[in-house]
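Heads up: the structure comes next, in structure tokens.
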Amino acid sequence: MHMFWLLAAAACSAFTQVSGFVPHHQQDILIRQVPYHHLTFRPIKQQRYLSQTKREVFDGVPTANDHRIISSEKILSAQRVMGVMSAAAWIWISVTALSYHPDPKFADCTLRHNILTMSQAFAFQLPVGYATISALSSLDSTATSTIRRRLNLAVAASSMWLAASTAFASKFAFGYDLYTLKLKAIASGTHTANGLLALFAWRRSFSTDKMTVPICLSRVIRGTIGSLWDIGPSKPSNDPDSPELISNNNASIWGLCTAGLLWFTILPVVSPYPLATVPTILGKRLSRPASAFTFLGAVCAFCLKESTESKAEEDRISRLRKGLMIGSSLHLLLIMLKLIGVDGGGLIIPGRGLWEVYPAMLAVPFATASSIIVHALVCFAALL
24 MHMFWLLAAA ACSAFTQVSG FVPHHQQDIL IRQVPYHHLT FRPIKQQRYL
74 SQTKREVFDG VPTANDHRII SSEKILSAQR VMGVMSAAAW IWISVTALSY
124 HPDPKFADCT LRHNILTMSQ AFAFQLPVGY ATISALSSLD STATSTIRRR
174 LNLAVAASSM WLAASTAFAS KFAFGYDLYT LKLKAIASGT HTANGLLALF
224 AWRRSFSTDK MTVPICLSRV IRGTIGSLWD IGPSKPSNDP DSPELISNNN
274 ASIWGLCTAG LLWFTILPVV SPYPLATVPT ILGKRLSRPA SAFTFLGAVC
324 AFCLKESTES KAEEDRISRL RKGLMIGSSL HLLLIMLKLI GVDGGGLIIP
374 GRGLWEVYPA MLAVPFATAS SIIVHALVCF AALL
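In structure tokens:
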């Protein structure tokens, strides 16, 4: 009798293993032990049963792609937060440096002059910075992955420049060091964190895990050289009425804007005073640090040039267009107000204010006029 029960138990066990009818508490173990190719020899009904059971078992387990998506969302959220903090650090730095003039020759500058100067530090910089971070936080399609990588590298370079200009203020401000140690630590730390986060986001955008430091450096160098050669239009035309070349002509304008903004990024860095104060008109104290935002504007203009040329511009890319248009418009408005004489007199309003408080801008009239033309061209391109 005992032998009968043993034989019955063995037969049931063999039947369950062959037919696929497994008790619920053993399904997980059995499915994980049976190779997938063995399932192809089972009846179709049993294959469906096992496949459904396998899906139920593994539905709750996140895959590597799920982890990458979750991490990307966290990176985008972190970039929004760091963008706001970086803008706050720039505002703090600007107010500290421009709320008074350390030179005794300009010690009697009025509050109106200081407000105009501080506004000049926010007019172009904040709209362009906001447009860049806003575009980065929404560029999630494969068509715009190249633009996202380019913007991340631009944010990284600009943030590192701002961090260095804060930590070593006297080297960037012609000897002026107007920041406390606490301000230097907080502002430079914020800009550095923002730059490192942008670099991490750029590295994260590649599907491969073999992006070593030499490979990254090689990619950045090759991409930079290629972008410089690609500033000009791919199909230039001298016919403004050609229907098939209208978009390419618009791309030509954005390419010219890119070249102009890139030139005025380099000019303050390599030029002595007073040429170094153009185009930001922020004097010795902030003209060189503000070059970071001019560079950011140049990269945004180049992204718009590439997008216009490929005729693949999305609504998200238009944020860069709006940011450049608003920033350049406000910058030009402040320049015009200073020229007509709202700060104690000028070309229209009687007084000597323009010549007394803006001697650097008037000392280099050709560079000043060129910067005005570049910003006006940016506004024109954004309206097309």
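Under the numbering used here, the letters of the sequence shown match residues 24 to 407, in that order.
All residues carry an ideal CB built from backbone N, CA and C; glycine is no exception.
Alpha-carbon to alpha-carbon, residue j and residue i
i, j, result
"A130", "S250", "45 Å"
"Y381", "T140", "10 Å"
"L245", "A405", "Note on identity: in this sequence residue 245 is Arg, with Leu being the wrong assignment. Distance between the alpha carbons of R245 and A405: 29 Å."
"M108", "A190", "17 Å"
"V365", "T247", "42 Å"
"Y199", "T300", "14 Å"
"A187", "S211", "7 Å"
"S94", "I363", "52 Å"
"Q143", "T231", "43 Å"
"A321", "I349", "15 Å"
"T331", "H136", "40 Å"
"K307", "K233", "44 Å"
"K68", "E96", "Residue placement at K68 is poorly supported in this model, since its pLDDT is 44, which falls under 50; the coordinates still yield a value, given next. Between K68 and E96, the C-alpha separation is close to 40 Å."
"E329", "M359", "31 Å"
"H398", "A208", "33 Å"
"L407", "L370", "31 Å"
"S168", "W286", "26 Å"
"L305", "N175", "26 Å"
"I254", "S333", "14 Å"
"S394", "L220", "32 Å"
"L252", "G278", "The question names Leu, but residue 252 in the sequence shown is Trp. The alpha-carbon atoms of W252 and G278 are separated by roughly 11 Å."
"A392", "S122", "27 Å"
"P388", "I372", "20 Å"
"A158", "L290", "27 Å"
"W115", "S241", "36 Å"
"I340", "P150", "14 Å"
"A390", "T203", "33 Å"
"L206", "A110", "14 Å"
"T317", "T288", "5 Å"
"A120", "K258", "46 Å"
"C239", "I170", "17 Å"
"K128", "L134", "16 Å"
Chain-order list of residues whose beta-carbon lies under 6 Å from that of residue i (same chain, five-residue window excluded)
i, result
"L222", "A179"
"L353", "A146"
"T303", "S310, A313"
"D283", "The residue you asked about is not Asp; residue 283 is Gly in the sequence shown. Same-chain partners within the cutoff: V397."
"L99", "S160"
"S351", "H398, V401, C402"
Contact under 7 Å by Cβ, residue i with residue j
i, j, result
"P312", "F195", "yes"
"S181", "A383", "no"
"A112", "T235", "no"
"A192", "P297", "no"
"V401", "L347", "yes"
"A224", "C280", "no"
"L319", "R344", "no"
"M448", "G218", "The displayed coordinates of the chain run from 24 to 407. Any statement about residue 448 would go beyond what the structure contains."
"S275", "P295", "no"
"R342", "A177", "no"
Residues near residue i in its chain [Cβ-Cβ closer than 7 Å; skip 5 each side]
i, result
"R103", "I156, S160"
"P125", "Y199, L201"
"G368", "G374, R375, G376, L377"
"F197", "Y296, K307"
"A216", "M105"
"C132", "H124, V380"
"V292", "R311, S314"
"F243", "Note that residue 243 corresponds to Val in the displayed sequence, not to Phe. Counting only Cβ-Cβ distances below 7 Å, and skipping sequence neighbours, we find L176."
Close-in-space but distant-in-sequence residues of the same chain around residue i (CB under 8 Å, 5 per side omitted)
i, result
"R172", "W225, S228"
"F403", "I276"
"V118", "M141"
"A101", "L220"
"K361", "L139, I304, G369, L377, Y381, M384"
Alpha helix (DSSP H) segment containing residue i, residue limits
i, result
"L309", "306-309"
"A392", "388-406"
"L355", "341-363"
"F318", "314-333"
"V380", "376-380"
Check: Can you list, in chain order, the stretches of the alpha helix (DSSP H) that have 4 or more residues and sit fully within the stretch 132-201?
Finding: As far as the stretch 132-201 is concerned, its whole alpha helix (DSSP H) runs of at least 4 residues are 134-146, 148-159, 168-190, 192-195.
Checklist line | Complete runs of the alpha helix (DSSP H) confined to the stretch 200-280 [at least 4 residues] | finding: Within the stretch 200-280, the runs of alpha helix (DSSP H) at least 4 residues long that lie entirely inside it are, in chain order, 204-227, 236-252.
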